[in-house]
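If you want this note's numbering, it's the position in the sequence shown, counting the first as 1, plus 4. Don't be surprised by glycine CBs; every beta carbon is placed ideally from N, CA and C. The structure presented is a predicted model; accordingly, all values stated were derived computationally and were not measured. Okay, so here's the structure we're looking at.
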Amino acid sequence: MVQATGREHPETGGMPVNDLSEDQAARELAWLAAQLQAANTAYHRDDAPDISDADYDALKQRNAAIEAQFPELKRADSPSEVVGGAIAEGFGKVQHVVRMLSLGNAFSDDEVTEFDQRIRKYLGLPDDAPLAYTAEPKIDGLSLSLRYEDGTLVQAATRGDGAVGENVTANARTIADIPQQLRGAPDVLEVRGEVYMSHADFAALNERQKVAGAKTFANPRNAAAGSLRQLDAEITKSRPLRFFAYAWGDLSAPLAETQSAAIARLAALGFSTNPLTVTCDGPDQLIAHYTQIEEQRANLGYDIDGVVYKVDDLALQRRLGFRSTTPRWAIAHKFPAELAWTVLEAIDIQVGRTGALSPVARLRPVTVGGVVVSNATLHNEDYIAGRGGDGNPIREGRDIRVGDWVQVYRAGDVIPKIKDVDLGRRPDDARPYAFPDVCPECQSAAIREAGDAVRRCTGGMICPAQAVEKLKHFVSRAAFDIEGLGAKQVEQFYSDGWITTPADIFTLRDRFGTGLQQLKNREGWGEKSASNLFDAIDDKRQISLARLIYSLGIRHVGENSATLLANHYGTWAAFEQAMTQATVGSGPAWDDLIAIDGVGAVMATSVITTLQQEAERDSIDRLVAALDVQAAQAVATDSPVAGKTVVFTGTLERMTRAEAKARAEALGAKVSGSVSAKTDILVAGPGAGSKATKAAELGVETMDEDAWLALIGTA
Ligand code: IVH
5 MVQATGREHP ETGGMPVNDL SEDQAARELA WLAAQLQAAN TAYHRDDAPD
55 ISDADYDALK QRNAAIEAQF PELKRADSPS EVVGGAIAEG FGKVQHVVRM
105 LSLGNAFSDD EVTEFDQRIR KYLGLPDDAP LAYTAEPKID GLSLSLRYED
155 GTLVQAATRG DGAVGENVTA NARTIADIPQ QLRGAPDVLE VRGEVYMSHA
205 DFAALNERQK VAGAKTFANP RNAAAGSLRQ LDAEITKSRP LRFFAYAWGD
255 LSAPLAETQS AAIARLAALG FSTNPLTVTC DGPDQLIAHY TQIEEQRANL
305 GYDIDGVVYK VDDLALQRRL GFRSTTPRWA IAHKFPAELA WTVLEAIDIQ
355 VGRTGALSPV ARLRPVTVGG VVVSNATLHN EDYIAGRGGD GNPIREGRDI
405 RVGDWVQVYR AGDVIPKIKD VDLGRRPDDA RPYAFPDVCP ECQSAAIREA
455 GDAVRRCTGG MICPAQAVEK LKHFVSRAAF DIEGLGAKQV EQFYSDGWIT
505 TPADIFTLRD RFGTGLQQLK NREGWGEKSA SNLFDAIDDK RQISLARLIY
555 SLGIRHVGEN SATLLANHYG TWAAFEQAMT QATVGSGPAW DDLIAIDGVG
605 AVMATSVITT LQQEAERDSI DRLVAALDVQ AAQAVATDSP VAGKTVVFTG
655 TLERMTRAEA KARAEALGAK VSGSVSAKTD ILVAGPGAGS KATKAAELGV
705 ETMDEDAWLA LIGTA
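Right, here's the structure in full:
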């Protein structure tokens, strides 16, 4: 057994790193890895450090020095990659049975009222009908899903991208708030909630980390995340994590009929639930509770960043359902952003994947709400000049200059922003900022089109910044997410001329696979990592249509819109054909596109023009030829209306039009606004007029609302 004594390696320990042979270096690195790992275990698991901090540091430094001299010998389990005791990669993946969603946000009282109005409208509830909500703190931690089968905790998973998370079961078992066994629970029960760290525990942990010479954490949330995501569960065990349950996923039997009763049931099963959870009967009470929680915020002892409102009646929650990533029945009312003043040291211009020139503020570092901020967005040239999107003055017309004192704020996780400027502290020599009219990356003209707030580089694919940003977007997590091919590698490959468009990624193996020489000789690449990369690329040849559309980086098409497009067109062939045939502004393909709920004229124009632009299209076609694009999964393929085109007309009495449409779509049907030969079913309520006549002429199956509900199984 290797002893963690902190002494030197018996053979080479005293030798200068320069004098080591490769073999000797490899042997000493292996020895150091074992020594340091043993020391970590002694410290974290056994609470019995058997090596002094100074010896520990000396071993780490020796390890780093040898790695610097022999980078190719760096081990997969290198101690220099161990942050606070574990390697930051390598959890198993867990596919969530029920997706883990995020929440929409409200930032003002008006938005809370609008939330209530939207729900009433969707459900067809009059303004004076009772409608109860729950209100509870939004815990600022990380969400966790716990799966119990027959009362036993069998799996714990982080949220990940919502569909697939990381398996952190061993770690979750070390958290005292998480029961291992439940009595009286449904056979299958997934409990969801937030892992967090209290302020006191956070301060104590950072103190311990400091003493141990280990990394300290910026805030309790980072500390909680860093502690839960440890490959060595013993480390998690040594960290004081807590858990509040507030939701559920997969279930074999309902927990209750209301949100509040379901939470009470979770509490009765032994989970911690938040004591500040109440039920309210409308926006006024919700806002009153928000104000109360905001007053208590500083004294709660843990971080919260808002209040979450949920429709209490679970049957109504089911009817309301989900948009692509957020429930219609819940919203997070966020606390106002935190503010700080600092000096604007410089303004840099970044060029994005659509050519947008974005001004970035370089700030004298300042702490805003517990996080050190040194960069912030300045939006666009009008924002710097003190003009809003409508041309009217903002900040009473005060412009922002390098050298100014500026007010920085951050709300949630978003990029910090500049809110205001202090003219009283403006240096005498500060000059108005001159926004560049050429691209700083490729010197092409940067043009601002009428009605566009943003100045854009006209260089297209010749602009290296645009090309690289497009590639970075392409490999990002919500897009192709290729292991081993991140932003850094993309930059390297682009500057080497190996990859200029996404399609080039898929020919890398053919171009380098046999010799491997060029890649292998690059700093940071060995034979194994290169072949792993090629495998990871091949793994992603099979890709869902939604991801593919998203990864193309089409302006205005985010993840949600890509999902809408994929679900509507189903296959790449159908999508591509429709976009090729469409004309902007009119015609059947255009009408069909903008009929999609959530697709407007601006996005539609952007998609069509991109797919019809020759160079762009050539690059997309080469990409698609290298892929196996999976057709969009109709949300339900086994429903009797999957794939059918349905039209609703007349008055619906048991649901609103919006609800009818959303439910039909969730069952895989296409909902159209007009009757044609393609229509499969017309659902006609009282007062149906010309559409019913036309359907009869065309021989389209027609039914009333009750028959429709019977057909879809919710009568
Ligand atoms: S409900 C389907 N309740 O906020 C909705 N989420 O921004 C499920 N969060 O991912 C979430 N406190 O990590 C809910 N009381 C609370 C919460 C809460 C914190 C987190 C959660 C979620 C994120 C959404």
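Asn-22, buried or exposed, once every other Cβ within 10 Å from all chains shown has been counted against 16: Here residue 22 refers to the residue found at position 18 when the sequence shown is read from its first residue. Exposed, because fewer than 16 other Cβ atoms sit within 10 Å of the Cβ of Asn-22.
Anticipated Cβ contact below 8 Å, Pro-141 with Ile-308, distance rounded: Counted from its first residue, the sequence shown places residue 141 at position 137. Counted from its first residue, the sequence shown places residue 308 at position 304. Going by Cβ atoms, the distance from Pro-141 to Ile-308 rounds to 4 Å, so yes, they are a contact pair.
Under the three-state DSSP convention, the category Gln-616 falls into: By one-based count along the sequence shown, residue 616 stands at place 612. DSSP places Gln-616 in helix when its eight states are reduced to three.
Closest Cα partner of Lys-125 within the set Met-659, Ser-694, Tyr-573, Gly-562: As a working note, residue 125 is residue 121 in the sequence shown. Among Met-659, Ser-694, Tyr-573, Gly-562, the Cα nearest to that of Lys-125 is on Met-659.
Buried versus exposed call for Glu-385 [16 or more other C-beta atoms within 10 Å across all chains shown]: Counting from one through the sequence shown, the residue named residue 385 turns up at place 381. Glu-385 should be labelled buried.
Whole runs of the alpha helix (DSSP H) within the stretch 549 to 626, excluding any shorter than 4 residues: 549 to 555, 563 to 573, 576 to 585, 592 to 598, 605 to 616
Residue range of the unbroken beta strand (DSSP E) whose run includes Glu-140: Within the sequence shown, the letter at position 136 stands for residue 140. From DSSP, the beta strand (DSSP E) with Glu-140 extends over 137 to 143.
Stretch pair the stretch 332 to 344 + the stretch 387 to 396: three plus CB contacts closer than 8 Å: no
Close beta carbons around Gly-166, own chain, < 8 Å, minus the five adjacent residues each side: Looking up residue 166 in the sequence shown gives position 162. Answer for Gly-166: His-100, Arg-103, Met-104, Leu-105, Ser-106, Thr-329, listed in chain order.
is_contact[Gly-390, chain B] using C-beta, thresh 8 Å: In summary, chain B is missing from the structure at hand, where a single protein chain is found.
Pocket of ligand 1 defined by Cβ to heavy atom distance under 5 Å: Leu-105, Ser-106, Leu-107, Glu-140, Lys-142, Ile-143, Ser-147, Glu-198, Tyr-250, Ala-251, Val-312, Pro-331
Every unbroken alpha helix (DSSP H) within the stretch 193 to 220, with a cutoff of 4 residues, ordered by chain: 203 to 215
Helix, strand or coil at Ala-43 according to DSSP, with G and I counted as helix: In the sequence shown, the residue the question calls residue 43 occupies position 39. Helix at Ala-43.
Ordered list of beta strand (DSSP E) runs contained in the stretch 623 to 688, each at least 3 residues: 632 to 634, 649 to 653, 674 to 676, 685 to 688
From Gly-197, Leu-245, Tyr-554, residue whose alpha carbon lies closest to that of Ala-208: Your numbering for residue 208 matches position 204 in the sequence shown. Comparing Cα-Cα distances from Ala-208 to each of Gly-197, Leu-245, Tyr-554, the minimum goes to Leu-245.
Given 8 Å, three or more beta-carbon pairs between the stretch 337 to 351 and the stretch 190 to 209: no
In DSSP terms, what Gly-310 is bridged to: One-based indexing of the sequence shown puts residue 310 at position 306. DSSP lists Lys-142, Lys-338 as partners of Gly-310.
Distance CB(Gly-589)-CB(Ser-565) smaller than 8 Å: By one-based count along the sequence shown, residue 589 stands at place 585. By one-based count along the sequence shown, residue 565 stands at place 561. No, these two residues do not count as a Cβ contact at 8 Å.
Exposed unless 16 or more other CB atoms sit within 10 angstroms - verdict on Lys-532: By 1-based counting over the sequence shown, the position of residue 532 is 528. Exposed.
Straight-line gap, Leu-597 to Ala-608 (C-alpha atoms, nearest Å): Counting from one through the sequence shown, the residue named residue 597 turns up at place 593. Counting from one through the sequence shown, the residue named residue 608 turns up at place 604. Taking the straight line from one Cα to the other gives about 7 Å.
Span of the alpha helix (DSSP H), counted from its first residue to its last, around Ile-419: Residue numbering aside, residue 419 sits at position 415 when the sequence shown is read from its first letter. Taken as a continuous stretch (DSSP letters only), Ile-419 belongs to no alpha helix (DSSP H), as it is neither H nor E.
Any alpha helix (DSSP H) of 4 or more consecutive residues that is wholly inside the stretch 52 to 128: 57 to 73, 113 to 127
Nearest-angstrom Cα separation, counted from Gly-689 out to Glu-657: Looking up residue 657 in the sequence shown gives position 653. Looking up residue 689 in the sequence shown gives position 685. Approximately 8 Å, taken between the alpha carbons.
Environment of Arg-212 [buried if 16+ CB atoms lie within 10 Å]: Residue 212 sits at position 208 when you count from the first residue of the sequence shown. Label assigned to Arg-212: exposed.
Leu-367 vs Val-315 beta-carbon contact at 8 Å: Here residue 367 refers to the residue found at position 363 of the sequence shown. Here residue 315 refers to the residue found at position 311 of the sequence shown. Not a contact, by the Cβ cut-off of 8 Å.
Close-in-space but distant-in-sequence residues of the same chain around Leu-194 (CB under 8 Å, 5 per side omitted): Numbered from 1 along the sequence shown, position 190 holds the residue referred to as residue 194. Checking the displayed sequence, the identity of residue 194 turns out to be Glu instead of Leu. Here the set comprises Val-101, Val-102, Ser-149, Leu-150, Arg-151, Tyr-152, Trp-252, Gly-253, Asp-254, Leu-255.
Cβ shell of Ala-668 (< 7 Å), same chain only, five flanking positions each side left out: Start at 1 with the first residue of the sequence shown, and residue 668 comes out as number 664. Result list for Ala-668: Val-645, Val-650, Val-675, in chain order.
Classification of Thr-706 by the beta-carbon crowding that lies within 10 angstroms, buried from 16 upward: Locating residue 706 in the sequence shown gives position 702, counting from the first residue. Buried, because 16 or more other Cβ atoms sit within 10 Å of the Cβ of Thr-706.
Integer-rounded CB distance, given that Ala-582 should sit under 8 Å from Tyr-573: In the sequence shown, counting from the first residue as 1, residue 573 sits at position 569. In the sequence shown, counting from the first residue as 1, residue 582 sits at position 578. About 6 Å separates the two Cβ atoms, so the contact holds.
Residues near Glu-3 by beta carbon distance below 6 Å, same chain, minus five either side: Nothing can be reported for residue 3: it is not among the residues displayed for the chain, which extend from 5 to 719.
For Asn-171, the three-state DSSP class (helix, strand or coil): Start at 1 with the first residue of the sequence shown, and residue 171 comes out as number 167. If DSSP states are grouped into helix, strand and coil, Asn-171 belongs with the strands.
DSSP three-state assignment for Gly-464, whether helix, strand or coil: Looking up residue 464 in the sequence shown gives position 460. Residue state, collapsed to three classes: helix.
Whole-Å CB distance - Ala-666 paired with Gly-325, under 8 Å assumed: Sequence index remark: in the sequence shown, residue 666 carries index 662 (1-based). Sequence index remark: in the sequence shown, residue 325 carries index 321 (1-based). Indeed they touch by this definition, with Cβ atoms about 6 Å apart.
Selection from Asp-408, Thr-504, Ile-422, Pro-436 that minimises the alpha carbon distance to Arg-429: As a first step, residue 429 is located in the sequence shown; it is residue number 425 there, counting from the start. Among Asp-408, Thr-504, Ile-422, Pro-436, the Cα nearest to that of Arg-429 is on Asp-408.
contact_flag[the stretch 499 to 511, the stretch 454 to 462] where n(CB pairs < 8 Å) is 3 or more: no
Option in Tyr-313, Arg-243, Thr-138 with minimal Cα separation from Leu-232: Taking the first residue of the sequence shown as 1, we reach residue 232 at position 228. For the residues Tyr-313, Arg-243, Thr-138, the minimum Cα distance to Leu-232 belongs to Arg-243.
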